[in-house]
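For the record, in the sequence shown the residue sitting at position 91 is 91 according to our numbering, with numbers rising by one throughout. A quick write-up on the structure given underneath.
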Amino acid sequence: MNVVVLYGRLTRDPELKYSQGGVANCFATVAVDRGMTKEKRQEAEAAGRPTADFISIKAFGKTAELLANYFRKGNRVALEGRIQTGSYEKNDERVYTTDVIVNRLHFVESAKENGGGNIGSFAPMNGQAGYYEVNEKDVPF
Numbered sequence: 001m002n003v004v005v006l007y008g009r010l011t012r013d014p015e016l017k018y019s020q021g022g023v024a025n026c027f028a029t030v031a032v033d034r035g036m037t038k039e040k041r042q043e044a045e046a047a048g049r050p051t052a053d054f055i056s057i058k059a060f061g062k063t064a065e066l067l068a069n070y071f072r073k074g075n076r077v078a079l080e081g082r083i084q085t086g087s088y089e090k091n092d093e094r095v096y097t098t099d100v101i102v103n104r105l106h107f108v109e110s111a112k113e114n115g116g117g118n119i120g121s122f123a124p125m126n127g128q129a130g131y132y133e134v135n136e137k138d139v140p141f
């Protein structure tokens, strides 16, 4: 079974592109803490060893649009997906890749926690048409 669950922070703004067939593709990187004790973390930092892993992620379709429209660099994110390996030629050398293909995204923090954004609004961060602000008094729960 190929199942991956990650919890971390985006290291850059998600990059959204569309294929010739009109399918949304989104690429980003998630920094995932290695979960070291305080002492082990200090040892690793002193020795110049990493304390986090940087995982390349890819999303497609509506999941890609969700990632690109609602998440930014530094946002915490939880995601579920699968590992996919691949390769390509660059300068006559074979380059091998490992990515996580995102199946589901989870919001981990509110707009207030991530520094503002759209407090009291469900509109995407890029201001796309078709979305509107929702007054909290209008929500029945």
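Ideal Cβ positions, reconstructed from N, Cα and C, are used throughout, including at glycine.
| Check | Outcome |
| --- | --- |
| Whole angstroms are fine: how far does the CA of Thr98 sit from the CA of Ser87? | 9 angstroms |
| So which of Glu39, Arg82, Arg41 has the shortest CA-CA distance to Leu105? | Arg82 |
| Is the CB-CB distance between Val108 and Ala59 below 9 angstroms? | no |
| Closest by CA to Ile55, which one among Leu79, Asn69, Lys62, Tyr70? | Leu79 |
| Could you check how far apart the C-beta atoms of Asp13 and Lys73 are, in whole angstroms? I think they sit under 8 angstroms. | 5 angstroms |
| Would you decide whether Gly8 is buried or exposed? Buried here means 16 or more other CB atoms lie within 10 Å of its CB. | buried |
| Among Val100, Arg94, Leu66, whose alpha-carbon lies nearest the alpha-carbon of Ile57? | Val100 |
| At 3 residues or longer, and completely inside the stretch 23-67: list those beta strand (DSSP E) runs for me, N to C. | 24-33, 52-60 |
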